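Structure first, then comments.
Number of protein chains: 2
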Amino acid sequence: MEERTPRRPRIADVAREAGVSKTAVSFAFNSPDRLAPETASRIRDVADSLGYRPHPVARMLTQRQTHTIGVLTPQALSVIFSNPFFGAFSEGVALGAEQAGYALHFISPLHGSLASAMGRATVDGVVAIGLSASHPEVEQIRAAGVPLVMVDSSALPDQPGVEINDEGGARAAADHLLGLGHRDLLVVGVEPPAPEIESEPDGTTARRMRGYVAALAARGLELPDNAVVVAPASIEGGIAAMRRAWEDGLRPTGVLAMSDAMAIGVLRAARELGLRVPEDISVVGFDDIDISQHTNPPLTTVHQPIRQKGESAVRVLLSVVERRDLPPEQLRLETRLIIRGSTGPAPRRRQEVDRARS
Amino acid sequence: MEERTPRRPRIADVAREAGVSKTAVSFAFNSPDRLAPETASRIRDVADSLGYRPHPVARMLTQRQTHTIGVLTPQALSVIFSNPFFGAFSEGVALGAEQAGYALHFISPLHGSLASAMGRATVDGVVAIGLSASHPEVEQIRAAGVPLVMVDSSALPDQPGVEINDEGGARAAADHLLGLGHRDLLVVGVEPPAPEIESEPDGTTARRMRGYVAALAARGLELPDNAVVVAPASIEGGIAAMRRAWEDGLRPTGVLAMSDAMAIGVLRAARELGLRVPEDISVVGFDDIDISQHTNPPLTTVHQPIRQKGESAVRVLLSVVERRDLPPEQLRLETRLIIRGSTGPAPRRRQEVDRARS
DNA sequence: CCGGTTTGCTAAACCGGTTTTGTAATCACC
DNA sequence: GGTGATTACAAAACCGGTTTAGCAAACCGG
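Residue numbers (the working numbering), protein chains in the order written: chain A, 13 to 370; chain B, 13 to 370.
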């Protein structure tokens with residue numbers, strides 16, 4: 013009979029083999045200075061020869077920490093990962109986590125339930141992105157005693173959070189187009205992921221919209237209701253939104269897209285409609301994702317420090333995780349308009365645009 | 013004195029409060045049919061009122077499974093996440109994991125050491141991407157008894173793995189250009205991330221190169237050494253590679269890029285050099301990432317089923333995780349050439365290209 | 001050489017659950 | 001009405017570590 017199921021060696025196996033107690037083995041790994049040097053090294057040698065590695069789960073249990081932070085999103089991960097914005101954000105989170113020696117665990121609705129996914133997650137803290145403060149899970153997470161930092165959603169006063177100046181950025185974007193003489197604007201907004209969810213009055217979308225409206229109001233202008241069209245926040249969504257607006261008879265000379273992905277879709281749809289960018293139509297995005305500088309033409313957009321946002325979120329989170337008595341930090345990062353090639357002076361006459369259509 | 017540090021309720025608290033044993037509480041959650049219905053519901057009521065949730069780590073320890081799969085990359089996550097290829101792959105992995113009720117844990121070198129990161133990770137299995145079979149960690153992971161599926165690296169015969177037909181795809185790409193009359197080709201290859209790492213003879217890069225060479229050989233042609241230029245696998249890398257080749261006096265009419273990101277960089281560099289695509293120069297990518305169909309012009313490229321690759325990897329992994337006696341599965345997915353707008357007939361005379369340069 | 005400290009290690013308790021084993025009470029059956 | 005099976009729960013062992021409390025021997029100053 014050969015050895016069957018070569019069980020993973022436990023601390024007791026090492027102890028027996030080395031002729032010491034479990035305690036000694038534990039010390040050899042975690043506080044070698046509490047053992048005689050030769051004992052410690054002998055124990056480690058035995059452990060090596062047995063291929064022993066402390067079981068991470070058991071370790072988590074006794075130490076009461078997992079050295080893992082969770083990234084929470086209300087949407088399925090399979091929807092999220094190919095979103096360049098989320099990728100850049102994750103990059104920032106990963107950087108912050110790596111520097112602090114934490115691993116990353118992604119938490120998304122399991123079998124449709126964020127709550128049960130949260131219940132299974134073994135994390136020391138959570139960075140939530142795209143989660144509104146009124147989301148029911150937020151209270152549950154807090155009740156579970158897990159530190160939470162909310163990103164991009166005006167947090168409760170006693171909660172840590174990281175956000176950006178959406179309104180200011182949007183206002184700058186609209187102002188830029190207005191300054192170039194554009195008066196017929198189209199706003200391409202983000203459709204809430206689930207139709208039954210009423211869009212949050214304090215969500216990113218609402219804040220950006222307020223910025224657009226404020227810029228117009230400052231010049232005594234208004235945004236007609238039909239000049240706002242919504243679609244999913246993707247390239248395809250941008251294409252669809254632009255086409256729909258055109259079919260509805262709208263002939264904007266400037267487009268304000270609430271995300272770069274949508275703006276890229278608008279760029280493409282415009283090209284297919286025979287419009288030249290920026291001669292016939294100007295397009296402004298929002299976010300400044302990596303590819304935006306490489307589109308043709310390069311995209312004028314509102315830059316937000318996406319990576320920094322992720323990194324800051326982790327920093328703020330870990331300060332709470334490691335010192336729970338610290339006051340929760342609230343960060344607000346700046347945005348700024350980056351002018352590239354997709355915007356230019358408004359065409360002189362409406363006819364120019366109409367002609368381009370044929 | 014108010015209640016200080018409202019400790020998280022444990023199973024013993026619920027048991028005491030409900031006047032039953034720990035066992036009964038555990039049963040109430042995990043196998044309610046073993047209790048009288050009214051007992052079970054009473055226990056659950058008490059648990060609810062106390063806000064009790066079973067501690068996930070303790071649960072992992074006794075059940076000997078974490079319901080989590082790890083995604084392992086030899087590169088830092090902060091480098092990886094903004095890579096659209098990795099995003100799409102992760103999307104597939106996430107889809108497979110979500111369907112099976114598993115969470116996702118990303119494992120990357122912690123303080124530079126993959127081994128220690130792996131030691132801390134609490135996962136039931138690992139999907140490794142971009143890890144060569146000869147990597148020292150591979151043996152360590154197997155020794156730890158953690159099931160491992162390797163993606164994109166010719167796995168050992170007794171190991172599960174998922175790969176794609178790199179060589180065939182590359183051959184089709186080169187064949188396409190040759191069929192269009194191109195004879196002056198430039199291959200834009202991937203630079204190994206760390207200079208000291210010798211490029212794997214069986215890595216993705218090598219396999220694709222073999223495909224290019226095979227297509228040439230089939231027509232009795234050879235690839236001059238100086239027609240291969242390497243750079244990091246990014247848009248910026250593609251730009252740099254193309255510029256460098258041009259400065260070296262190369263005047264290719266067709267470019268074979270080993271990744272779409274690099275191809276997009278080549279597109280941009282070509283435009284800046286005053287070359288029209290595809291009239292003056294044709295560009296073929298590899299991977300078919302999402303944006304490639306939206307570039308200007310849309311990119312001709314070798315499609316590989318990235319998401320499916322991730323999903324398959326999880327499926328293969330979980331079949332081993334859940335039934336260890338199963339034979340390890342090895343998958344090889346197909347690639348196919350997608351012809352879009354970035355390739356066209358080779359220009360008639362070399363002069364045309366040279367003239368375009370001015 | 002004696003009381004107190006330090007050194008080097010062990011035994012036992014603990015982290016928070018699950019699972020196995022055990023047992024009293026009830027039920028079914030002949 | 002005695003016997004064997006079932007039901008409903010409890011006691012104890014266990015998962016694999018860490019940490020606290022404790023103890024014997026060595027050391028140390030006076």
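Where is the CB? At the ideal position from N, CA and C, for every residue including glycine.
What you are looking at is a predicted structure, and each value in this text was computed from that prediction instead of being measured.
Q: Check the Cβ-Cβ distances between A:D302 and every residue of chain B, and say whether any is below 8 Å.
A: So, interface residue.
Q: Specify the secondary structure class of A:H188 as computed by DSSP and reduced to three states.
A: Note: A:H188 maps to helix in three-state DSSP.
(Q) Measuring only the C-alpha atoms, how far is A:T78 from A:G137? (A) So the two alpha carbons sit approximately 9 Å from each other.
Q | Members of the stretch 43-77 of chain A near chain B, C-beta cut-off 7 Å | A | Against chain B - using a Cβ distance shorter than 7 Å - the residues of the stretch 43-77 of chain A are G63, R65, P68, V69, A70, M72 and L73.
Q.
For A:S324, count the other beta carbons within 10 Å of its own beta carbon; 16 or more makes it buried, fewer makes it exposed. Which is it?
A. It is buried - the Cβ of A:S324 has at least 16 other Cβ atoms within 10 Å.
Q: Enumerate in chain order the residues of its own chain whose CB-to-CB distance from A:M13 is below 7 Å, with the five nearest sequence positions on each side excluded.
A: Because A:M13 carries a pLDDT of 43, less than 50, the predicted location of this residue cannot be relied on, and the following value inherits that uncertainty. Result list for A:M13: empty, nothing under 7 Å.
Q. Could you give the distance in angstroms between the alpha-carbon of A:G249 and the alpha-carbon of B:I23?
A. Distance from the CA atom of A:G249 to the CA atom of B:I23, rounded to whole angstroms, is 49 Å.
Q.
Which residues of the stretch 298-324 of chain B have a Cβ closer than 7 Å to any Cβ of chain A? Give them in chain order.
A. Those would be D302, I303, H306 and N308, in chain order.
Q) Buried or exposed: A:Q316, going by 16 or more other Cβ atoms within 10 Å of its Cβ? A) With 16 or more Cβ atoms within 10 Å of its Cβ, A:Q316 is classed as buried.
(Q) When you compare the CB of A:L122 with every CB in chain B, is at least one pair closer than 8 Å? (A) With 8 Å as the cut-off, A:L122 counts as an interface residue toward chain B.
Q) Per DSSP, A:V314 is paired with what? A) Within the DSSP bridge table, the entry for A:V314 names A:F298 and A:L349 as partners.
**Q.** DSSP beta-bridge partners of B:R344
**A.** Partner residues in the beta bridge of B:R344, as assigned by DSSP, are B:E175.
(Q) Using only the alpha-carbon positions, how far apart do A:T313 and B:G181 sit? (A) C-alpha separation (whole angstroms): 37 Å.
Q. Does DSSP classify A:H306 as helix, strand or coil?
A. Of the three classes helix, strand and coil, the one that applies to A:H306 here is helix, per DSSP.
**Q.** Contacting residues, own chain, Cβ-Cβ under 7 Å from B:R154 (five flanking each side not counted)
**A.** Same-chain partners within the cutoff: L160.
Q. Are B:H194 and B:I351 close, meaning C-beta to C-beta below 8 Å?
A. For B:H194 and B:I351, no; Cβs fall outside 8 Å.
Q) If we ignore side chains and look at the alpha-carbon of each, how far apart do B:L89 and A:V328 end up? A) Roughly 20 Å separates the two Cα atoms.
Q: For the beta strand (DSSP E) holding B:G201, just list the boundary residues, first then last.
A: Per DSSP, B:G201 is one residue of the beta strand (DSSP E) stretching across L197 to V202.
Q.
Give me the residue from A:D337, A:R335, A:T216 and A:L197 with the minimum Cα distance to A:V296.
A. The option with the nearest alpha carbon to A:V296 is A:L197.
Q) Quick one, which residues of the stretch 146-159 of chain A are near chain B if we go by CB-CB under 8 Å, in chain order? A) So the close ones are A155, A156 and G157.
Q: Could you tell me the distance, in whole angstroms, from the CA atom of B:R220 to the CA atom of B:L330?
A: The straight-line gap from Cα to Cα measures roughly 29 Å.
Q: Take the Cβ of A:N95 as the centre, count every other Cβ of all protein chains shown within 10 Å, and call the residue buried at 16 or more, exposed below.
A: Under a 10 Å Cβ-count criterion, A:N95 is classified as buried, with 16 or more other Cβ atoms of the shown protein chains found around its own Cβ.
**Q.** Nearest neighbour of B:F41, chosen from B:G191, B:P290, B:D57 and B:G31 [CA to CA]
**A.** Selected option, being the one with the closest Cα: B:D57.
Q) For A:S125, which residues does DSSP report across the bridge? A) According to DSSP, A:S125 bridges with A:L122.
(Q) Could you tell me the alpha carbon to alpha carbon distance between A:T371 and B:G99, rounded to whole angstroms? (A) Residue coverage of chain A in this structure runs from 13 to 370, which leaves residue 371 of chain A outside it and unanswerable.
Q. Is the Cβ of B:F93 closer than 8 Å to any Cβ of chain A?
A. Yes, B:F93 counts as interfacial toward chain A.
Q) Taking 7 Å as the line, does the beta carbon of B:H315 fall inside it for any heavy atom of the ligand SAM? A) No copy of the ligand SAM appears in this structure; indeed no ligand is present at all.
Q. Can B:P172 and B:V326 be called in contact, C-beta distance under 8 Å?
A. For B:P172 and B:V326, no; Cβs fall outside 8 Å.
Q: State whether the stretch 337-354 of chain A contacts the stretch 126-141 of chain A, with contact taken as three or more CB pairs (one from each stretch) at a distance under 8 Å.
A: Taking a cut-off of 8 Å on C-beta distances, the stretch 337-354 of chain A does not touch the stretch 126-141 of chain A, as fewer than three cross pairs fall below it.
Q: Label B:E15 either buried or exposed according to how many other C-beta atoms from any shown protein chain fall within 10 Å of its C-beta, with 16 as the threshold for buried.
A: Interpretation of B:E15 is limited by its pLDDT of 46, a score under 50 that renders its predicted location unreliable; the figure taken from the coordinates is listed afterwards. B:E15 is exposed by the Cβ-count criterion.
Q) Counting pairs of Cβ atoms below 8 Å between the stretch 108-128 of chain A and the stretch 26-34 of chain B, do you hit three or more? A) Because the criterion of three Cβ pairs below 8 Å is not met, the stretch 108-128 of chain A and the stretch 26-34 of chain B do not touch.
(Q) Please report the straight-line C-alpha distance between A:R20 and A:R28, rounded to a whole angstrom. (A) Distance between the alpha carbons of A:R20 and A:R28: 15 Å.
Q. So the beta strand (DSSP E) A:I293 belongs to, where does it begin and stop?
A. Run containing A:I293: none; DSSP gives neither H nor E here.
(Q) For A:L73 and A:T80, what's the separation of their Cα atoms in angstroms? (A) Rounded to the nearest angstrom, the two C-alpha atoms are 13 Å apart.
**Q.** Residue-chain proximity (A:F118, chain B), Cβ-Cβ < 8 Å
**A.** With respect to chain B, the C-beta atom of A:F118 has a partner C-beta closer than 8 Å.
Q) By Cβ distance below 6 Å, which residues in the same chain neighbour B:N177 in space, the five residues on each side in sequence not counted? A) The residues are E346 and T347.
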